[in-house]
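Colleague: In our numbering, the protein residues as written are 6 to 425. Beta carbons are placed, not taken as given, at the ideal position from N, Cα and C, and that holds for glycine. One structure coming up, written as C-alpha cells, with questions to follow.
In C-alpha cells:
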C-alpha cells in the first residue's frame, strides 16, 4: 500500500518534475539531453553480459571508479553501464571513464520507466552507490531477478530517522537488496535496523581512488611558479560559504594565494562575480590564466581537476561543512598529503572525518572564523603541516582495499544466472 501511495504521489508531481528539469536546463544544458531516457526509453545499443552501476552525481561517479576498474578486471567479457541523475554527474562519467563504459540517465522512479529500463539492458548485477534507494526501482529489480547491491553505503542518524518515518515504504526496499557494503560499523548497524539483511562492512571506496598523475604534475608545476607564497585551497565550497570564508580571510597575510574551487559548475560565474565585488585580484583557471604578481585569488572553475588543486595546496579547507550540508570528500586531500581543516557539518563523511581527526591529519572547527584561525596557525608552522600531511597519507594507505571487498560481494551475486 505504501509503495502504491508513493507511486500516486510521484505521478501527481510529474508536471513539476518536467518543469524543474527544463528550468535547470537553462543553466546546465545537459539536463535537456536524452530526456526520453529519464522515462525508460533508451536508444543505447544493448550489450550482452551487462553490469550496471548507478552513481547519482559527481561525488558518487568518482567514488565508484575503483569498483568499476575492479569489475572490468574481473569480468573483461562484460560491459559496464553507468547511470546518473545530474548533468554534472553525466559529464563526470564522460571525463573519468571515457569510452570504457556506457552512460545513460537512470529513469525516474515510475514503475513503467524502471521496467522498460530493466527489459532493455537486462543487467546481470545492479550496484547503487551510497544512498540511492528508489522503492519502485528496487522492487522491479527483485521482480526481474536482478541482484542489487548498495555499495559504499553510508547512513547518518538523520537519514536513518527519515527512513524510519516512512518505514512502510523504505523497509521493504532495504529488505529487497541482495547485499549492502557499508562504509563503517555505525553505517552497517543503522542499515540493518532499517531492514537490510545481508550487510557487511567493506570500507570506503574513496580510499582506493588514485589521483591523476598528469594533474598532479601540472599542479606541482603551477606551484613552482609561486615562490615564497603559501597556497590555501578552499575546496568544494557550497552556496553561502564563499562569502563567509573570504570575509574571514581578511586578516590573512598578503603572501597567501587563495585557490577557490566551488562544488557546482553552475555557480562558477556567480562566485567570480562575488570575488570581484569583494575586491580580490583574481584569475580563472577556465581561461588558462597563469599566476601573476599581485594575484590574490585563483578561481578553480573547472571540473574533474581536484588532483591538480590539491597538488599545489599547503592547507585545504573542505567546503559543504560550514552550512548543514554534510560536507565534502576530505579523503582526496589526505591522500595528497595536504593538512585538512573542516567545519562542524561533516555528517555525510562522519567516519572518514573521525578517522582523519584521530590520525591528526585533520582539524575540525566550529565555524568559518575558527577555520581561518586554524589555517593561519598551520601556515605559520611548516613542521606541523608536514606531520599532518604524512598522517593523511598513512591513513589512506591503511584503509585501502574497499574495492576488493566490494568485488568479493559482487562476485558471489554475478555468478548466479542473469535474467534471460
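Buried or exposed for residue 20, going by 16 or more other Cβ atoms inside 10 Å?
Modeller: Exposed.
Colleague: Please classify residue 211 as buried or exposed, where buried requires at least 16 neighbouring CB atoms within 10 angstroms.
Modeller: Classification for residue 211: buried.
Colleague: Can you name the residues that DSSP bridges to residue 368?
Modeller: Note: residue 368 sits in a beta bridge opposite 346.
Colleague: Would you call the stretch 280–295 in contact with the stretch 191–211, where contact means no fewer than 3 C-beta pairs closer than 8 Å?
Modeller: The stretch 280–295 vs the stretch 191–211: no contact.
Colleague: Rounded to whole angstroms, what is the Cα-Cα separation between residue 69 and residue 45?
Modeller: So the alpha carbons of these two residues sit roughly 23 Å apart.
Colleague: Assuming the contact rule is C-beta atoms closer than 8 Å, residue 335 and residue 367 should be a hit. Round their C-beta distance to whole Å, please.
Modeller: Contact flag correct, Cβ pair sits at about 6 Å.
Colleague: Given residue 370, which residues of its chain have a CB within under 8 Å of its CB, disregarding the five upstream and five downstream residues?
Modeller: The answer, listed in chain order, is 346, 347, 348, 349, 376, 378 and 379.
Colleague: Leaving out five residues on either side along the sequence, give the residues of the same chain with a beta carbon under 6 Å from the beta carbon of residue 185.
Modeller: The answer, listed in chain order, is 155, 158, 196, 201 and 204.
Colleague: With C-beta atoms as the reference, is residue 209 less than 8 Å away from residue 357?
Modeller: Cβ atoms of residue 209 and residue 357: closer than 8 Å.
Colleague: At what residues does the beta strand (DSSP E) containing residue 57 begin and finish?
Modeller: Note, residue 57: beta strand (DSSP E), 55–59.
Colleague: Between 281, 95 and 160, which has its C-alpha nearest residue 251's C-alpha?
Modeller: It is 281 whose Cα lies nearest to the Cα of residue 251.
Colleague: Three or more beta-carbon pairs under 8 Å between the stretch 266–278 and the stretch 234–248, yes or no?
Modeller: A contact exists between the stretch 266–278 and the stretch 234–248.
Colleague: Note down, one range per segment and in chain order, each alpha helix (DSSP H) of at least 4 residues found wholly within the stretch 147–205.
Modeller: As far as the stretch 147–205 is concerned, its whole alpha helix (DSSP H) runs of at least 4 residues are 162–170, 172–181 and 190–198.
Colleague: Can you list, in chain order, the residues of its chain whose CB lies under 8 Å from that of residue 228, leaving out five sequence neighbours each side?
Modeller: Here the set comprises 236, 316 and 317.
Colleague: So, with DSSP's three-state summary, where would you put residue 69?
Modeller: If DSSP states are grouped into helix, strand and coil, residue 69 belongs with coil.
Colleague: With 16 as the cutoff for other CB atoms within 10 Å, does residue 256 come out buried or exposed?
Modeller: Note that residue 256 scores a pLDDT of 48, beneath 50, so its modelled location is shaky; the value from the coordinates is reported in the next line. Exposed is the call here.
Colleague: Got a sec, what are the start and stop residues for the alpha helix (DSSP H) residue 102 sits in?
Modeller: Taken as a continuous stretch (DSSP letters only), the alpha helix (DSSP H) holding residue 102 covers 92–102.
Colleague: Assess contact between the stretch 36–55 and the stretch 118–127, defined as three or more Cβ pairs (one per stretch) separated by less than 8 Å. Is contact present?
Modeller: Flag = yes, the stretch 36–55 and the stretch 118–127 touch.
Colleague: At the level of alpha carbons, what is the spacing between residue 175 and residue 164?
Modeller: Those two C-alpha atoms are separated by around 12 Å.
Colleague: Taking Cβ to Cβ, would you say residue 261 is nearer than 8 Å to residue 234?
Modeller: It is a contact, given that the beta carbons lie within the stated cut-off.
Colleague: Can you find at least 3 beta carbon pairs, one from the stretch 301–311 and one from the stretch 87–101, that sit closer than 8 Å?
Modeller: Because the criterion of three Cβ pairs below 8 Å is met, the stretch 301–311 and the stretch 87–101 touch.
Colleague: Can you find the residues in the same chain that come closer than 7 Å, C-beta to C-beta, to residue 109, ignoring five residues on each side of it along the sequence?
Modeller: Same-chain partners within the cutoff: 42, 47, 49, 86 and 88.
Colleague: Pull up the DSSP beta-bridge partners for residue 289, would you.
Modeller: 304, per the DSSP bridge assignment.
Colleague: Mind checking residue 215: buried by the 16 CB within 10 Å criterion, or exposed?
Modeller: Under this definition residue 215 is an exposed residue.
Colleague: Provide the residue(s) that pair with residue 132 in DSSP beta bridges, ordered along the chain.
Modeller: The partner list for residue 132 (beta bridge, DSSP) reads 58 and 154.
Colleague: How would you label residue 16, buried or exposed, when you count the other beta carbons within 10 angstroms and need 16 or more for buried?
Modeller: Per the 10 Å Cβ criterion, exposed.
Colleague: Check residue 433 in the structure and name its three-state DSSP category.
Modeller: As shown, the chain starts at 6 and ends at 425. That puts residue 433 outside it, with no answer to give.
Colleague: With distance defined between alpha-carbon atoms, name the residue in 149, 331 and 77 nearest to residue 415.
Modeller: Closest option to residue 415, Cα to Cα, is 77.
Colleague: According to DSSP, simplified to helix, strand and coil, what is residue 414?
Modeller: Three-state result, residue 414: helix.
Colleague: Kindly indicate which three-state DSSP category residue 242 falls into: helix, strand or coil?
Modeller: Strand at residue 242.
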